[in-house]
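Encoded as structure tokens, the structure appears first; notes follow it.
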Amino acid sequence: MNNVISLFHRTARQGKPTLAAGQRAVPPAPAAPSVPAAPESAGLTLALTIQRGDFSLQINNTLPLQGVTALFGRSGCGKTTLLRAIAGLDRHAGATVQCGAAIWQQGSHFVPVHQRRIGMVFQESSLLPHLTVAQNLLYGFNRLAKHTPIQLQPEQVMQLLELTPLLQQAPEQLSGGQRQRVALGRALLSQPQLLLLDEPLASLDQQSRSEILPFLQRIASQTGIPMLLVSHQLDDVVKLADNLVLMQHGGIHSQGPLQQQLLQPELAAIGAMSLLHAKSSGSKHHLLQLSIGQQQLQLPAPLHADTASYSPTSYRLRIQARDVALSLTPLNDSSVSNQLQVSISGINPAPHPAETLVQLTLEGQPLQALLTKQSVERLELQIGQQVYAQIKAVALD
Numbered sequence: 001m002n003n004v005i006s007l008f009h010r011t012a013r014q015g016k017p018t019l020a021a022g023q024r025a026v027p028p029a030p031a032a033p034s035v036p037a038a039p040e041s042a043g044l045t046l047a048l049t050i051q052r053g054d055f056s057l058q059i060n061n062t063l064p065l066q067g068v069t070a071l072f073g074r075s076g077c078g079k080t081t082l083l084r085a086i087a088g089l090d091r092h093a094g095a096t097v098q099c100g101a102a103i104w105q106q107g108s109h110f111v112p113v114h115q116r117r118i119g120m121v122f123q124e125s126s127l128l129p130h131l132t133v134a135q136n137l138l139y140g141f142n143r144l145a146k147h148t149p150i151q152l153q154p155e156q157v158m159q160l161l162e163l164t165p166l167l168q169q170a171p172e173q174l175s176g177g178q179r180q181r182v183a184l185g186r187a188l189l190s191q192p193q194l195l196l197l198d199e200p201l202a203s204l205d206q207q208s209r210s211e212i213l214p215f216l217q218r219i220a221s222q223t224g225i226p227m228l229l230v231s232h233q234l235d236d237v238v239k240l241a242d243n244l245v246l247m248q249h250g251g252i253h254s255q256g257p258l259q260q261q262l263l264q265p266e267l268a269a270i271g272a273m274s275l276l277h278a279k280s281s282g283s284k285h286h287l288l289q290l291s292i293g294q295q296q297l298q299l300p301a302p303l304h305a306d307t308a309s310y311s312p313t314s315y316r317l318r319i320q321a322r323d324v325a326l327s328l329t330p331l332n333d334s335s336v337s338n339q340l341q342v343s344i345s346g347i348n349p350a351p352h353p354a355e356t357l358v359q360l361t362l363e364g365q366p367l368q369a370l371l372t373k374q375s376v377e378r379l380e381l382q383i384g385q386q387v388y389a390q391i392k393a394v395a396l397d
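Numbering of the sequence shown is given in my numbering, commencing with residue 1 and proceeding in unit increments.
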């Protein structure tokens, strides 16, 4: 990851980001009819034990059914196995799967996958090659509409995912990102109460990944359908998720809001980073002026931002710990314009023996800085101390 901070715009109309730094601009869906939100529920209750050879998956947890929840962990930790059990693709004796008030599996009771009101998207789009985009989207929809309450109409989904120009094309004529957008549309038209996404970006090149991410963000913000995302790419998780479930060795190691979960020491080996929420306070000299609590920071405005189309009011900032420096006092004779007062909340070992991970609090939000042990000792940093976090504006996208 080359950027210090990746910036994700949020529109005044939407509660989730719709544009990622370095990605192709995707303007908000034009005047789409409102999409009814999925009903809130107590959560997704899971109790299961799966043994396959030397691998054992043991889960006894309740996952949130709000926003985007990411199942994150190394390959082989059990993410996809768990997702398939939730979907009902695999049946395991003794398992309990309950989605809100709906019991999908318990004892001898088992609801088959086609009755679970789940939309699924996998690494491969699995579109029917002999059908057009329109036919793939509507495959099964008309039959479903006869006996299922319809909350998402085809026109809404086509508008949401900007599929109208593609309707008469065959799948082989589409890019990887376009195929995944059609797969997402088909999943939404199944009228799901829950979306399951199994590595939906894994088979895409970088450009296609950049194209599809804003649409996933748009789905999360405009439909209200809870999403369960399987990924082993922390970058994708930080761009999309509200909650993170960290899986290790066939179990759930920890779970909670993404901002707090990023502090887990297990993630430091991948690349310690932080997620900050900021509000817009205008722009000047092609620089966005943002506020975090009572403090201000600035960064270059994205060149592709169409300010005539929307007015972002809040932002989601991803900051790598290695790109945060600390000083004991503000640096007046420095080119670094972003100097934010923070307090030290923790000093912990880092994966490299020469480094230290310093936990900070910025206006109530967690921030991390990766420093050398030598610097920590030279500055005599201590928990509770007030210091200044230095972040270069020109490094922000």
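Glycine included, each C-beta is placed from N, C-alpha and C at the ideal position.
Here the structure is a predicted model, which means the values were calculated and not measured.
In the DSSP assignment, E355 is bridged to T372. For Q180, the closest of L166, Q191, H277, Q193 by C-alpha to C-alpha distance is L166. For D236, same chain residues with a beta-carbon under 7 Å away, outside a window of 5 residues either side, are L201 in chain order. Rounded to whole angstroms, the separation of the alpha carbons of G100 and Q159 is 30 Å.
Counting C-beta pairs closer than 8 Å gives three or more between the segment 112-122 and the segment 195-209, which meets the contact rule.
Ranked by Cα distance from L131, the first of V182, S210, L340 is V182. Non-local beta-carbon contacts of Q248 in its own chain, meaning distances under 8 Å to residues more than five positions away in sequence, involve G73, R74, C77, E266 in chain order.
For P64, same chain residues with a beta-carbon under 7 Å away, outside a window of 5 residues either side, are G43, N243 in chain order.
Taking C-beta separations shorter than 7 Å and ignoring five residues to either side along the sequence, N142 has no partners in its chain. Inclusion of A272 and Q368 in the CB contact set at 7 Å is warranted, their separation being smaller than that value. Here the segment 284-292 does not lie against the segment 252-260, with fewer than 3 beta-carbon pairs under 8 Å apart.
Distance check between R84 and each of P302, L57, T313 places L57 closest, using alpha-carbon atoms only. When DSSP states are grouped into helix, strand and coil, S125 belongs to the coil group.
Within the segment 217-281, the complete alpha helix (DSSP H) runs of at least 4 residues fall at 234-240, 258-261, 265-271.
Within the same chain, and ignoring the five residues on either side of T164 in sequence, the residues whose Cβ sits closer than 6 Å to its Cβ are M158.
By the Cβ criterion, the segment 332-345 is in contact with the segment 384-391, since at least three pairs of Cβ atoms, one from each stretch, lie closer than 8 Å.
Contact check for S345 and Q359: beta-carbon distance about 5 Å, within the 8 Å limit, so the pair qualifies. G140 is classed as exposed because its beta carbon has fewer than 16 other beta carbons within 10 Å across all chains shown. Judged by DSSP in its simplified three-state form, N332 adopts coil rather than helix or strand. Around the C-beta of Q261, 16 or more other C-beta atoms lie within 10 Å, and the residue is accordingly described as buried. In the DSSP assignment, C99 is bridged to L44, A102. Sixteen is the threshold: when 16 or more other Cβ atoms of the shown chains lie within 10 Å of the Cβ of F215, as they do, the residue is buried. Boundaries of the alpha helix (DSSP H) around V182: 176-188. Between E162 and L379, the alpha-carbon positions lie close to 53 Å from each other. The C-alpha of V324 lies about 14 Å from the C-alpha of L331. Nearest neighbour of R322 by Cα position, chosen from A269, H286, A93, K279, turns out to be A269. Judged by DSSP secondary structure, Q159 falls within the alpha helix (DSSP H) whose first and last residues are 154-160. Collapsing the DSSP output to three states places R74 in coil.
No Cβ-Cβ contact shorter than 7 Å links T80 with T62.
In the displayed model, T132 falls within coil according to three-state DSSP, outside both helix and strand. Linking L263 to Y315 through their CA atoms gives a straight-line distance of about 20 Å. Judged by DSSP secondary structure, L204 falls outside any beta strand (DSSP E); it is assigned neither H nor E.
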